[in-house]
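Counting from 3, one number per residue, gives the positions in the sequence shown under this note's numbering. The beta carbon of each residue, even a glycine, is placed where N, CA and C say it ideally should be. Beneath this line is the structure, given in structure tokens, with notes to follow.
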Amino acid sequence: MSQDESKRLLIDLRCLSKRFPGVQALLNVDLQVARGEVLAVIGENGAGKSTLMKILAGVQMPDEGQILIDGSPVRIANVRQATELGIALIHQELNLSDNLDVGANIYLGREPLKAGLIDRRRIAAQAEQYLDMVGLDCSPRTIVSHLSIGQQQMVEIAKALSADARILIMDEPTSSLSSRETDRLFEVIGQLRDRGVSIVYISHRLGEVREIADRVSVLRDGENAGELAKSEITHDNMVRLMVGRDISQFYVRTPHEVGKTVLRVEGLRVPGRAEHAIDFSVRAGEIVGMAGLVGAGRTELLQVLFGVDRAERGTIRIDGKLAKLSSPLDAIRCGVSLVPEDRKQAGLIMEMSVRENLSLASLRRDQRGGLLNRTAEQNIARDMIQRLAIRTPGAEQTVQYLSGGNQQKVVLGKWLAMRPRVLLMDEPTRGVDVGAKQEIYRMMERLASKGVAILFVSSEMEEILNMSDRALVMHEGRIAGELSRDQLSEESIMQLATGNILAA
Ligand SMILES: Nc1ncnc2c1ncn2[C@@H]1O[C@H](COP(=O)(O)OP(=O)(O)OP(=O)(O)O)[C@@H](O)[C@H]1O
Ligand SMILES: [Mg+2]
């Protein structure tokens, strides 16, 4: 940081350390943020990014170290104090109250009053402004549980904006936004920066970091690993500092024979979207990407294919046999696995250990004589922890204490351990670091070469372009088009995703 910049220094974290049982999450970490600067903080899963931000936002207390704001030392003992200092944190795991409406969430805990009562009309009117600002087209009276995760993320951002923060911390804000929503978010960030707001931006999407950051600070194993000035921010520099080595050959696709049709969907009507019939198939050894904007109906479709929701009409065939999927258990029996988008709700039991989570699904199938085979469980756990490089003090660690990306790896490991025929994946690399991403891609490739039929939903254009043998593009609840590998391009996908069917 230059001398000129240091005059504008807003936050100065010095020598922060934080220990959890069995884990040194942070060790002597320094971090400075200038006024009106976008600072990206990057690092592998478990590097300590979220912990550092939680300390700044009053969610956690450091064991040691100092926090200076505007040059004066402060103690941030709770979230309220952080808010008073103008610090707002948008959590990696969304934190909204599901059963309240959007406006109530935005003003939760600081509701405007009128004659001693909560002024709902004012909430709605003011909330609307902030929703406009982030480009979210929904009424402030919408109940949050009716929104997609991407939309919920936008509500979180609107909420932080409404608190008039001087320091806005975003912990993986785009992990479930589409490219269009991300563009909108970047516009908002640009406007905030121009108004002198400092932004701390955490992301595993290095392309985004390059686009938006003025400076990058890298953490590795809980310690400072280096810093990059604007002109030094390149993909390779970031990876080298994060991982300590180069990662080449990011996407691995080796051509192999595709076999017969494994999954065939005909005339399927997804609840809530029943006006459109959906038809497609996936063959053995094929990796089919499913693109579309957030809210296009991709998650809903996967939910039906996994027996979570029931189709209103239509058929699903697996290996030619009609599959009646009234529950996920039916789907599992038919050889279908789903790696869900929302690990907190559908993927993991937070209070159970890594070992138990990894073997929950597979043991239901391998169960012998009604007894859970503990040795088998331990073997699965050990194998998956190693293959996916899950960062945990051990297989017995409770899942809720793992970092976000490592939780995602556990979800994946759990479903991979099932050895599925059809693997459905909803944003499979959401929130995982570069190394793990590559490992997930390799695993998809390996499974495909063994004849598994893979259907994955992704909002990351690069992932769709590089990993798909074929892509289906959804728009407003229907399949707007299909693109073969040589037709795949960012333009052709966007054309279809935005409903521009004739031009595609
Ligand atoms: N409450 C907790 N109890 C025990 N261990 C914790 C707790 N919170 C975090 N950890 C551990 O501290 C380390 C740092 O976690 P942190 O969440 O800060 O990582 P991160 O850099 O945000 O990773 P990710 O990219 O996966 O989100 C990890 O090893 C994590 O398991
Ligand atoms: Mg994190």
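Original post:
What span of residues does the beta strand (DSSP E) with Met172 cover, start to end?
Top reply: From DSSP, the beta strand (DSSP E) with Met172 extends over 169-173.
Subject >> Beta-carbon proximity check, Ile280 vs Val267, cutoff 8 Å >> reply: Annotated as proximal: Ile280 and Val267, with beta-carbon spacing under 8 Å.
Original post:
Does DSSP put His477 in a helix, in a strand, or in coil?
Top reply: In the three-state DSSP reduction, His477 falls in the strand class (E or B).
Original post:
Taking DSSP as the reference, what is the three-state secondary structure of Thr85?
Top reply: Helix, per DSSP.
**OP:** Please classify Asp294: does DSSP put it in a helix, a strand, or coil?
**Re:** Looking at the sequence itself, residue 294 is Gly, so the reference to Asp does not match. Collapsing the DSSP output to three states places Gly294 in a strand.
**OP:** My understanding is that Leu362 touches Lys416, with C-beta atoms under 8 Å, so please give their C-beta distance in whole angstroms.
**Re:** Correct: roughly 6 Å between the Cβ atoms.
Original post:
Does the Cβ of Arg370 have 16 or more other Cβ atoms within 10 Å, making it buried, or fewer, making it exposed?
Top reply: At Arg370, the pLDDT of 48 sits below 50, so the modelled position is not reliable and the matter cannot be decided from this model.
Original post:
Taking just the CA atoms, how far does Arg285 sit from Ile320?
Top reply: Going by the C-alpha atoms only, they are around 10 Å apart.
Original post:
In angstroms, rounded to a whole number, what distance separates the CA positions of Arg448 and Asp223?
Top reply: C-alpha separation (whole angstroms): 29 Å.
Original post:
Can you tell me whether Cys17 is buried or exposed, with buried defined as 16 or more other CB within 10 angstroms of its CB?
Top reply: It counts as exposed.
Original post:
How long is the line joining the alpha carbons of Thr263 and Phe282, rounded to whole angstroms?
Top reply: Taking the straight line from one Cα to the other gives about 10 Å.
Subject >> Bridge partners - Gly337, DSSP secondary structure assignment >> reply: BP columns for Gly337 are empty, so no partner.
**OP:** Enumerate in chain order the residues of its own chain whose CB-to-CB distance from Arg122 is below 8 Å, with the five nearest sequence positions on each side excluded.
**Re:** Within the same chain, Arg122 has close Cβ partners Gly105.
**OP:** Check whether the Cβ of Gln409 lies closer than 7 Å to any heavy atom of ligand 2, and answer yes or no.
**Re:** Result no, Cβ not under 7 Å from ligand 2.
Original post:
Cβ of Gln94 versus every heavy atom of ligand 2: is any distance shorter than 7 Å?
Top reply: True, at least one ligand heavy atom lies under 7 Å from that Cβ.
Original post:
For Gly322, is the beta carbon positioned less than 7 Å from some heavy atom of ligand 2?
Top reply: Not under cutoff, so the answer is no.
Original post:
For Leu110, which of Met469, Gly118, Val338, Ile125 has the nearest alpha-carbon?
Top reply: For the options Met469, Gly118, Val338, Ile125, the alpha carbon positioned closest to that of Leu110 is the one of Ile125.
Subject >> Proximal residues to His206 (C-beta, below 6 Å), its chain only, five neighbours per side dropped >> reply: In its chain, beyond the 5 residues on either side, Asp435 have a beta carbon closer than 6 Å to the beta carbon of His206.
Subject >> Complete beta strand (DSSP E) runs within the stretch 62-114 (minimum length 3 residues, chain order) >> reply: Entirely contained in the stretch 62-114, the beta strand (DSSP E) runs reaching 3 residues are, in chain order, 66-71, 74-76, 89-92.
Subject >> Chain-order list of residues whose beta-carbon lies under 7 Å from that of Gln489 (same chain, five-residue window excluded) >> reply: Scanning its chain for C-beta atoms nearer than 7 Å, with the 5 sequence neighbours on each side dropped, one finds no residue around Gln489.
Original post:
Given that a residue counts as buried once 16 or more other Cβ atoms are within 10 Å of its Cβ, and exposed if not, what is Ser491?
Top reply: Within a 10 Å sphere around the beta-carbon of Ser491 sit fewer than 16 other beta-carbons, which makes this residue exposed.
**OP:** May I ask you to report which of helix, strand or coil DSSP gives Gly483?
**Re:** Gly483: strand per DSSP, three-state reduction.
Subject >> Met427 in three-state terms, based on DSSP >> reply: DSSP places Met427 in strand when its eight states are reduced to three.
Original post:
Got a sec? Which residues, its chain only, sit under 6 Å from Phe42 by beta carbon, not counting five neighbours each side?
Top reply: Sequence inspection shows Ala at residue 42; the Phe mentioned does not correspond to that position. Answer for Ala42: Tyr203, Val211, Ala215, Val218, listed in chain order.
Subject >> Close-in-space but distant-in-sequence residues of the same chain around Pro549 (CB under 8 Å, 5 per side omitted) >> reply: Nothing can be reported for residue 549: it is not among the residues displayed for the chain, which extend from 3 to 506.
Subject >> Close beta carbons around Ile13, own chain, < 8 Å, minus the five adjacent residues each side >> reply: Within the same chain, Cβ atoms closer than 8 Å to the Cβ of Ile13 are found at Leu33, Gln34, Val35, Leu58, Ile69, Leu70, Ile71, Ile169, Ser200, the five residues on either side in sequence being excluded.
Subject >> Rounded straight-line distance, which links the Cα of Leu230 to that of Ser494 >> reply: Approximately 35 Å between the Cα atoms of the pair.
**OP:** With a threshold of 7 Å, establish whether the CB of Gly433 neighbours any heavy atom of ligand 1.
**Re:** Yes - ligand 1 has a heavy atom lying nearer than 7 Å to the Cβ of Gly433.
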